[in-house]
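All remarks here apply to the structure that follows.
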Amino acid sequence: QSALTQPASVSGSPGQSITISCTGTSSDVGGYNFVSWYQQHPGRAPKLMIFDDTNRPSGVSNRFSGSKSGNTASLTISGLQAEDEADYYCSSYSDTTPRVFGGGTKLTVL
Amino acid sequence: EVQLVESGGGLVKPGGSLRLSCAASGFTFSSYAMNWVRQVPGKGLEWVSSITPSGHFTHYADSLKGRFTISRDNAKNSLYLQMNSLRAEDTALYYCARDSEWSYAFDVWGQGTMVTVSS
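Going down the list, the protein sequences come from chains L and S. According to this note's numbering, the first sequence is numbered sequentially starting from 1. According to this note's numbering, the second sequence is numbered sequentially starting from 1.
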């Protein structure tokens, strides 16, 4: 059982927007501004997409955005493209164990 | 080019040991905290361990129960994971990942090395 809760799957059509949630507790997601999001294509290493809840690393498309409310963080992908189909993981700093991951969400582009 | 290359994975019997290595290049290795993250094929990511830039402080996932030891050699730009008393549930792809300099995020990842624990 993962420390952070994500939906197992989400889907959307090209051009649409989707949101993936990541729910934790006040000991992790809600207590710190250190939620990060990772994209993983099959057979590839994860790639950092969002850090510090809302920030995008250089080179990541501005179609990807992060937000947070209380103990739930969210990743929104706008203008969905076929290449966005991948697994997405959230992670947070935690005061019980330094890092925790969500169980992952499989994004299908219809 | 910033790069992390893992090695040392393989097939080991239950109860055996293995030492993973991660060679870093393209950045000042001694300035960054480093991590090991594992992934059972077809499953999610699991943080395993982290080490501060100097190597003085380390952290481990509770599930490891003292069986793994993380270390680093800044002179050799290398990160290590000594894994003892291996179990079938340790079978996974082990990634080396760099901590972002400004946050608790994994900003650079290696391609991983596969560890299979089986008799």
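Note that beta-carbon positions come from the ideal geometry of N, C-alpha and C, so glycine has one too. Predicted model only: the values in this text are computed from it and were never measured.
Item checked: Residues of the stretch 92 to 107 of chain S with Cβ closer than 7 Å to any Cβ of chain L, in chain order -> For the stretch 92 to 107 of chain S, which is checked against every Cβ of chain L, the residues closer than 7 Å are TYR95, SER100, SER103, TYR104, ALA105, PHE106 and ASP107.
Checklist line | CB-CB length for ASN71(L) against THR25(L), believed under 8 Å | finding: The residue given as residue 71(L) occupies position 71 in the first sequence. The residue given as residue 25(L) occupies position 25 in the first sequence. Sure, about 6 Å apart at Cβ, within 8 Å.
Item checked: PHE68(S) - containing beta strand (DSSP E), residue span -> As a first step, residue 68(S) must be located in the second sequence, where it is residue number 68. Residues 68 to 73.
Note to self: Taking beta-carbon pairs under 7 Å, can you tell me which members of the stretch 53 to 73 of chain S lie near chain L?
What the structure shows: HIS59, ALA61 and ASP62
Notebook entry, point to check: DSSP beta-bridge partners for HIS59(S)?
Noted result: The residue given as residue 59(S) occupies position 59 in the second sequence. DSSP output for HIS59(S) lists SER50(S) as bridge partner(s).
Checklist line | Beta-carbon spacing of THR105(L), VAL10(L) below 8 Å | finding: Position 105 of the first sequence holds residue 105(L). Position 10 of the first sequence holds residue 10(L). For THR105(L) and VAL10(L), yes; Cβs fall inside 8 Å.
Notebook entry, point to check: Closest by CA to PRO7(L), which one among ALA82(L), SER74(L) and TYR93(L)?
Noted result: Stepping through the first sequence from its first residue, residue 7(L) is reached at position 7. Between PRO7(L) and the set ALA82(L), SER74(L) and TYR93(L), the nearest pair of CA atoms involves SER74(L).
Next item on the list: State the Cα-Cα distance for the pair VAL12(S) and TYR89(L), rounded to the nearest angstrom.
Entry: On the second sequence, position 12 is the one that residue 12(S) refers to. On the first sequence, position 89 is the one that residue 89(L) refers to. Taking the straight line joining both Cα atoms gives about 29 Å.
Check: In whole angstroms, what is the alpha-carbon distance linking GLY59(L) and SER78(S)?
Finding: Looking up residue 59(L) in the first sequence gives position 59. Looking up residue 78(S) in the second sequence gives position 78. Approximately 27 Å between the Cα atoms of the pair.
Checklist line | Residues bridged to ASN35(S) [DSSP beta-bridge criterion] | finding: Numbered from its first residue, the second sequence carries residue 35(S) at position 35. SER50(S) and ALA97(S).
Margin query: Please report the straight-line C-alpha distance between LEU64(S) and ARG63(L), rounded to a whole angstrom.
Written below: As a position in the second sequence, residue 64(S) is number 64, starting the count at 1. As a position in the first sequence, residue 63(L) is number 63, starting the count at 1. Cα to Cα, the separation comes out at about 38 Å.
Checklist line | Where the beta strand (DSSP E) containing ALA24(S) begins and where it ends | finding: Within the second sequence, residue 24(S) is the residue found at index 24, counting from 1. Element bounds for ALA24(S): 18 to 25.
Item checked: Any chain L beta carbon closer than 8 Å to GLU46(S) -> As a working mapping, residue 46(S) is identified with position 46 in the second sequence. Interface residue, yes.
Notebook entry, point to check: Apart from the five residues on each side of it in sequence, which residues of its chain come closer than 7 Å, Cβ to Cβ, to ASP84(L)?
Noted result: By 1-based counting over the first sequence, the position of residue 84(L) is 84. Taken in chain order, the residues that qualify are ILE77, LEU107 and VAL109.
Notebook entry, point to check: With respect to the beta strand (DSSP E) encompassing GLY12(L), which residues constitute its N-terminal and C-terminal limits?
Noted result: Residue mapping note: residue 12(L) aligns to position 12 of the first sequence, counting from 1. Unbroken beta strand (DSSP E) run through GLY12(L): 9 to 12.
Checklist line | Inter-residue Cα distance where the pair is VAL37(S) and PRO14(L) | finding: Numbered from its first residue, the second sequence carries residue 37(S) at position 37. Numbered from its first residue, the first sequence carries residue 14(L) at position 14. Near 32 Å, if we compare the C-alpha coordinates of PRO14(L) and VAL37(S).
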